[in-house]
Amino acid sequence: LMLLDEPTAGMNPHETGQIVELIQTLRSRGHTLLVIEHKMKVVMTVSDRIVVLDHGEKIAEGPPREIADNPFVIEAYMGGRRRAQTD
Numbered sequence: 112l113m114l115l116d117e118p119t120a121g122m123n124p125h126e127t128g129q130i131v132e133l134i135q136t137l138r139s140r141g142h143t144l145l146v147i148e149h150k151m152k153v154v155m156t157v158s159d160r161i162v163v164l165d166h167g168e169k170i171a172e173g174p175p176r177e178i179a180d181n182p183f184v185i186e187a188y189m190g191g192r193r194r195a196q197t198d
């Protein structure tokens, strides 16, 4: 089990892409990773299952597609204005 706490913090888009590739490589080799990350694009790209916290409380848990469409996640992170950004 590897814990990665904000692995892309302070990184430019190219560096972020390299970290995403590294995470995907580790996963393909059978490693289990727990990733704490605020960049939703990264989270949606590297995750099989996501737990979303808002002010320390769990508001959602599930696969990326379910999380992207979850109204509680949209309200907490997008102000309820639109679907969670996954691109």
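For the sequence shown, the residue numbers in this note's numbering are 112 to 198. Glycine included, each C-beta is placed from N, C-alpha and C at the ideal position.
For residue i, which of helix, strand or coil comes out of DSSP?
{"i": "Lys169", "result": "strand"}
{"i": "Met122", "result": "coil"}
{"i": "Leu144", "result": "strand"}
With a CB to CB cut of under 8 angstroms and the five nearest residues on each side skipped, what residues in its chain are close to residue i?
{"i": "Met113", "result": "Leu137, His142, Thr143, Leu144, Leu145"}
Tell me, which residues are paired with residue i by DSSP?
{"i": "Val162", "result": "Glu172"}
Here's a check: name, in chain order, each residue in its chain whose Cβ is nearer than 6 angstroms to the Cβ of residue i, leaving out the five neighbours to either side.
{"i": "Ile130", "result": "Pro118, Thr119"}
{"i": "Glu172", "result": "Val162"}
Please report the distance separating the alpha-carbon of residue i from that of residue j.
{"i": "Pro175", "j": "Gly121", "result": "24 angstroms"}
{"i": "Glu126", "j": "Pro182", "result": "31 angstroms"}
Beta-carbon within less than 7 angstroms of residue i's beta-carbon, same chain only, minus the 5 sequence neighbours each way: which residues are those?
{"i": "Gly128", "result": "none"}
key: Stretch-stretch touch, CB-based, cutoff 8 angstroms, three pairs: the stretch 156 to 164 with the stretch 176 to 188   = yes
ask   = Can at least three beta-carbon pairs, one atom from the stretch 167 to 174 and one from the stretch 127 to 139, be found at a separation below 8 angstroms?
value = no
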